[in-house]
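Before any comments, here is the structure.
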Amino acid sequence: MSRHFDDLQLGSLELFCLAADRGSFSAAATEAGVTPAAVSRSVARLEERLGVRLFVRTTRQMRLSAAGLAYYQQCRQALGQLVEAERQVTGGQVEPSGRLRISVPTPYAHHRLLPLLPRFRQRYPSVQVDVHVSNRNVDFAEEPFDLAIRGREPSDSRLVARRLEDAELVVVGTPGYLARAGTPQTPQDLLQHDCIQFEMPSTGRRPPWTFRQGGVQVEVDTQGAFTCQGDFLATATLVRHGGGLMQAYRFTVADALASGELVEVLGEYGGTSRPFMLLYPQARHMPLRVRVFIDFLFAEASSPPG
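FYI, full-length UniProt numbering numbers position 87 of the sequence shown as 87, with every residue one higher than the one before it.
In C-alpha cells:
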C-alpha cells in the first residue's frame, strides 16, 4: 500500500495545529522545542501542498483563514483519533495533554469553574486550560473553542447540551437600601423600587425577573436607574453598595447573605432558577483532554458549593 503521508508531512500537521492552538509560530516553536523558522517552513509546505493559505498574517496578529479553520478542525480531530488509538491499545495509559479552550460566563467562572481548575491541573498536569470569561455567545464554527458554559438552553441543535445545574434565583438588597426604600412584600411591589438591570449580550434585552406566585411562575418587568452590560457580576457590585435590588444567582451572593451584608427579600415567592449548560459540538471523536475535563466537571457539579 502506498503511503499518503510521510513522517515529515505528519510532523507538519502537528506543528500546524500547534500554531493554530497557540496563535503564533513563536509560541508553537517554544512548546515543540523547535525554531520559529521550522514551524513556518512546515506551514509553508502544507500551504504549497494544498494550494491554499492556512493563516492570514498581519503585523499585529495571525489567525486561521476560512480554509485554514476547516482544515484545522479536521486535522485536530484526526490527530486526536491517533492519540485515542494509542490510549486504547495501551489500556488507557496515554496521559491527557494539550490545550483546552472553554468559554464561560462571568458568574459561573468566578464562583464555580475557576476555583476548580487548580485541582484539575494537579490531576492532569499536561493539560493547559484557556478560559474565556465573557457573557458573549461564542461560535464553535468560527472560533477554536472546545467547550462553552451558558446560562440557558441552546437554540443550536448541532450542539450537545448537558445540564450542569439549575441555579436558584434570589432577590437581594442591602439593609441600608431597604431601610431607605422599604421592603417589597409582593413581586408587584418591585415596580416601586430601583431594580438593577442586566442587558443580555445575545439579544440586547433586559430579562424579566421570575417568581413563583399562586403555584405558577410569573414574570415582572422591573425598572431601575442602573443597567449593566457585559459583566453580570457588575450587578452584584452595585447591589452591595446600595444601588437597589437585584435578582441574582444565590451562589453569587451566598457569602454576603451569610454575613448580613445583603438581605434576601420576597423569599416566599422564590423557587425559580435558570439552567447552566455545558455545550460542545457533536463529533465522532472527542480529544482525551476534553473528555477528562467533562468527566471532572460533572463529578464536581454533582455537589456544587452553596
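The beta-carbon is built from N, C-alpha and C at its ideal position, and this holds for glycine as well.
The continuous stretches of beta strand (DSSP E) do not include L233, which lies in the alpha helix (DSSP H) extending over residues L233 to R240. Counting along the chain, F55 sits inside the beta strand (DSSP E) bounded by residues F55 to R57.
An exposed status is given to G176, since fewer than 16 other beta-carbon atoms sit within 10 Å of its beta-carbon. Take the alpha-carbon of M277 and the one of P36: they are about 39 Å apart.
Taken in chain order, the whole beta strand (DSSP E) runs of length 3 or more contained in the stretch 89-156 are 98-104, 127-133 and 147-150.
For S273, the uninterrupted beta strand (DSSP E) run begins and ends at S273 to P281, by DSSP.
Relative to M246, the option among G260, A256, W209 and L279 whose CA is nearest is W209. According to the DSSP assignment, Y269 belongs to no alpha helix (DSSP H), since it is labelled neither H nor E.
Contact fails between the stretch 129-145 and the stretch 254-263, because fewer than three Cβ pairs, one in each stretch, are under 8 Å apart.
For G176, no beta strand (DSSP E) run applies; the uninterrupted alpha helix (DSSP H) run containing it begins and ends at P175 to A181, by DSSP.
Residue environment: S42 is assigned as buried (16 or more neighbouring CB atoms within 10 Å of its CB, all protein chains considered). Its chain contains E47, S65, A67 and G68 as the residues whose beta carbon lies nearer than 8 Å to that of R53, once the 5 sequence neighbours on both sides are disregarded; these appear in chain order. By the Cβ-count criterion, T186 is exposed, with fewer than 16 other Cβ atoms from all chains shown falling within 10 Å of its own Cβ. Cβ-Cβ distances below 8 Å link R212 to V218, Y269, G270, G271 and T272 in the same chain, with the five nearest sequence neighbours on each side left out; the list follows chain order.
Excluding five sequence positions before and after F120, the CB atoms of its chain that fall closer than 8 Å to its own CB belong to V127, V129, F293 and F296, given in chain order. Here DSSP, grouped into helix, strand and coil, assigns E261 to coil. Counting C-beta pairs closer than 8 Å gives fewer than three between the stretch 97-104 and the stretch 224-240, which falls short of the contact rule. Counting along the chain, A248 sits inside the beta strand (DSSP E) bounded by residues M246 to Y249. If you draw a 10 Å sphere on the C-beta of F298, you find fewer than 16 other C-beta atoms in it, and that means exposed. Look at R63 here: in three-state DSSP terms it is strand. Between Q77 and the set L18, A28 and L117, the nearest pair of CA atoms involves L18. Rounded to whole angstroms, the gap between the alpha carbons of E142 and R45 is 24 Å. Sequence-distant Cβ neighbours of F25 in its own chain, meaning closer than 7 Å and more than five residues away, are A19, P36, V39 and S40. Sequence-distant partners of F198 (beyond 5 residues in either direction) whose C-beta falls short of 6 Å from its own C-beta, in its chain, are C228, F232 and T235. Taking 8 Å as the upper bound for CB-CB distance, L279 and V160 are in contact here, some 7 Å apart. In the same chain as T174, and ignoring 5 residues on each side of it, the C-beta atoms closer than 8 Å to its own belong to V239, R240, H241, G242, E261, L262 and V263, in chain order.
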